[in-house]
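Here the protein sequences line up with chains P and D, keeping their order. Quick note on my numbering: the first sequence kicks off at 11 and runs consecutively. Quick note on my numbering: the second sequence kicks off at 5 and runs consecutively.
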Amino acid sequence: MKDELELIRRMQKRDSQALSSLYDLYSGAIYGVIFRICKNESQAEDLLQETFLKIWNKSELYNPEKGKFFTWAYRIAKNITLNELRKNDKLIQNEDLSVYKDRSDDAEEKDFLALTGSLKKLEVHHQEAIELVYFEGLTHREAHQKMGVPLGTFKSYIRQALKKLKDTYPKEYFLWWIIIEMIR
Amino acid sequence: MDKDSIKENGLLEQYLLGELSEKESNEVEEALKGDEELRTYFNELEANFQQLAFENAITPPGRVKASLMDIVNNEINEERKVIPIKTRQQQRFSIPFAAAASLAFIFFLSSAWLYNNWKTTQSNLESLRNETSDLRSRITTIEEDYDETNKWYQAINQPDAVQLVLKGNDILPDATAITYVNHQDKTVILNTQGLPELAEDKDYQMWADVDGVMINMGVIPSDVTMTTMKYIDDAHSINITIEPAGGNDHPTVEQLISNVIL
């Protein structure tokens with residue numbers, strides 16, 4: 011965490027090597043999100059680049075006191091991707107003025123986009139809830155409609171899903187920590 | 005917005021996912037600042053979501069990073085082209101330029117001072133030159149005067165020189181002329197200072213009386229105070245008449261103004 015903050019500080023001072031290191035750390039996780047939202051490899055690559063360019067150019071706006079760097083980067087990636095899809099008229103404006111992708115149910119998902127890890131240990135409705143809001147860029151309001159459950163229920167799904175994830179992480183967290191540290 | 009409603013309404017999750025309006029986001033941020041428990045809960049949420057993303061990470065192709073770093077490095081090079089050069093210019097301007105400017109200013113001041121001094125010196129030199137020239141000409145005049153005076157002095161100071169005073173008669177009672185006659189050297193010197201100025205068409209003329217015949221000794225110049233006249237042997241007296249300008253062959257007796265017996 012301290013190293014990460016140091017990297018961010020260096021990036022904020024226009025150190026491209028620091029950006030390179032942060033890219034190595036987070037590009038896979040960010041790319042996974044972008045790719046799953048837009049479902050188009052070439053577009054996902056462009057959007058990943060655009061996301062990191064924005065991170066580079068707006069790095070001074072990141073405030074560690076407000077949250078993790080990844081959360082900030084995730085929001086940037088999600089907004090860039092949803093805005094790009096909206097340009098292509100694939101988004102519908104919702105009543106709360108947020109946007110979501112008008113995905114067709116029969117959209118063919120590539121195998122490698124299938125979610126994995128701790129998520130798969132959750133109950134199916136919990137998996138779906140998390141997938142919709144986190145990996146597909148839908149808002150809670152859109153997602154609960156898509157799942158056909160009341161908003162309150164949907165929010166409970168998310169909460170319960172995260173609680174269960176939290177319980178499963180300690181077993182696997184150490185392994186991930188080692189992988190992340192090795193990447194650094 | 006209290007802690008329980010934030011948690012119950014899933015606002016932290018929506019905040020994390022960037023779904024809230026700016027106003028709602030600000031409220032959540034305020035709540036997070038003031039509540040350690042809520043902050044801990046949010047930190048766990050972030051960790052969980054991050055964990056999900058890492059578990060589902062897809063390695064992007066290397067070309068994306070290559071392209072990104074190309075763009076970023078080009079940007080940095082462009083910035084260096086503009087900003088650092090500016091900085092160097094500013095540095096160049098800040099120290100060496102200030103030094104050069106100071107030197108130039110000092111040079112300007114000293115040049116102005118030197119120019120001023122030079123002009124003053126030149127002016128002094130010019131007046132000195134004028135003064136010298138004036139003095140020189142005065143010295144020349146004085147020398148000439150001295151030579152002249154000395155010459156007359158030497159002439160009249162001879163032991164053989166006889167001083168005779170020619171006083172004006174009734175025609176010109178104020179007139180006085182002094183003559184120095186040296187029979188050894190056969191010279192006659194006349195001091196004309198006491199002779200009143202005549203009209204332009206008149207001159208004084210001196211005559212020597214030799215056995216009743218008036219012999220011309222010369223026209224007395226009007227522009228000098230001492231002059232030599234012609235010496236005439238065996239003269240009994242010296243006489244001065246007023247004659248037409250340029251002198252006369254014979255004296256106009258009616259215009260005799262002075263005479264002295266030798």
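In this text, a Cβ means the ideal position worked out from N, Cα and C, and glycines have one as well.
- Query: Taking Cβ-Cβ distances shorter than 7 Å, what residues in chain D pair up with Ile168/P?
  - Reply: Gly14 and Glu17
- Query: So what's Gln93/D in DSSP terms, helix, strand or just coil?
  - Reply: Since pLDDT at Gln93/D reaches only 49, below the 50 mark, its modelled position is unreliable, and no value is offered.
- Take the Cβ of Ile89/D as the centre, count every other Cβ of all protein chains shown within 10 Å, and call the residue buried at 16 or more, exposed below. Here Ile89/D scores only 49 on pLDDT, less than 50, and its place in the model should not be relied on; the value that follows carries that caveat. Under this definition Ile89/D is an exposed residue.
- Within the same chain, show all residues whose beta-carbon is closer than 8 Å to that of Lys7/D, passing over the 5 residues directly before and after it, in chain order. Ala35, Asp39, Glu41 and Leu42
- Since Lys88/P is in the alpha helix (DSSP H), which residue starts that stretch and which ends it? Phe79 to Lys97
- Query: What residue from Ser9/D, Asn52/D and Glu152/D has the CA that sits closest to Glu31/D's CA?
  - Reply: Ser9/D
- Query: Tyr41/P CB to nearest chain D CB: under 8 Å?
  - Reply: yes
- Using a C-beta to C-beta distance shorter than 9 Å, which residues of chain D count as neighbours of Val143/P? Glu17, Gln18, Leu21 and Glu23
- Query: Taking the alpha-carbon positions, what's the Phe80/P to Leu123/P distance?
  - Reply: 20 Å
- Can you tell me the Cα-Cα spacing of Tyr150/D and Ser262/D, whole angstroms? 30 Å
- Message: Can you give me the C-alpha to C-alpha distance between Gly241/D and Tyr157/D, rounded to a whole angstrom?
- Response: It is Ser, not Gly, that sits at residue 241/D in the sequence shown. Cα-Cα distance, rounded: 24 Å.
- Message: Suppose you measure from the CA of Glu147/D to the CA of Asp189/D; what does that come to, to the nearest Å?
- Response: 26 Å
- Message: For a cutoff of 8 Å on Cβ pairs, would you count Asn81/D as touching chain P?
- Response: no
- Please name the residue, chosen from Pro163/D, Gln209/D and Lys155/D, that lies closest to Ala181/D on a Cα-to-Cα basis. Restricting attention to Pro163/D, Gln209/D and Lys155/D, the CA atom closest to the CA of Ala181/D is found in Gln209/D.
- Short CB-CB distance (under 8 Å) between Glu59/D and chain P: Yes - at least one Cβ of chain P is within 8 Å of the one on Glu59/D.
- Message: Within 8 Å of any Cβ in chain P, is that where the Cβ of Lys69/D sits?
- Response: yes
- Message: Just to confirm my understanding: we take Leu132/P, look at its own chain, exclude 5 residues before and 5 after, and list those with CB closer than 8 Å. What are they?
- Response: Ile140, Ala171, Lys174 and Leu175
- Query: Quick one: what does DSSP say Thr163/P is sitting in, helix, strand or coil?
  - Reply: helix
- Tell me, which residues are paired with Leu4/D by DSSP? For residue 4/D there is no data in the structure shown, the boundaries of chain D being 5 and 266.
- Message: Could you tell me the alpha carbon to alpha carbon distance between Pro64/D and Arg46/P, rounded to whole angstroms?
- Response: 13 Å
- Message: Any beta carbon of chain D sitting closer than 8 Å to that of Leu95/P?
- Response: Interface residue (Cβ-Cβ distance to chain D less than 8 Å): Leu95/P is not classified as such.
- Message: Which residues in chain P have a C-beta closer than 7 Å to the C-beta of Ile10/D? List them in chain order.
- Response: The premise fails here: Ile10/D is roughly 12 Å from chain P at the closest Cβ pair, so nothing lies under 7 Å.
- Under 8 Å from the C-beta of Ile49/D: neighbouring residues of chain P: It is Leu, not Ile, that sits at residue 49/D in the sequence shown. Contacts between Leu49/D and chain P, judged by CB atoms closer than 8 Å, involve Leu172 in chain order.
- What first and last residue would you give for the beta strand (DSSP E) that runs through Val166/D? Ala165 to Lys171
- Message: For Leu17/P and Ala28/P, which I take to be in contact (beta-carbon distance under 8 Å), what is that distance rounded to the nearest angstrom?
- Response: 5 Å
- Message: Between the alpha carbons of Asp138/D and Glu130/D, how many angstroms are there, rounded?
- Response: 12 Å
- Query: When the cut-off is 8 Å and only beta carbons count, does Thr44/D lie next to chain P?
  - Reply: No, Thr44/D lies away from the interface with chain P (no Cβ there is under 8 Å from its Cβ).
- Message: Check for me: the alpha helix (DSSP H) holding Asn121/D runs from which residue to which?
- Response: Ala102 to Ile160
- Where the beta strand (DSSP E) containing Val264/D begins and where it ends: Leu260 to Ile265
- Item | Within 7 Å of chain D by C-beta, residues of the stretch 61-83 of chain P in sequence order | Those residues of the stretch 61-83 of chain P that come within reach of chain D (Cβ to Cβ, closer than 7 Å) are Phe62, Leu63, Trp66, Lys76, Gly77, Lys78, Phe80 and Thr81.
- Compare the C-beta of Lys88/P with all C-beta atoms of chain D and state if any pair is closer than 8 Å. In terms of beta-carbon proximity, Lys88/P lines the interface with chain D, with at least one pair separated by less than 8 Å.
- Message: One question on the structure: do Leu15/D and Glu26/D come within less than 8 Å of each other, judged by their Cβ atoms?
- Response: no
- Thinking just about the alpha-carbon of each residue, which of Glu48/D, Gly66/D and Glu59/D is nearest to the one in Ser52/P? It is Gly66/D.
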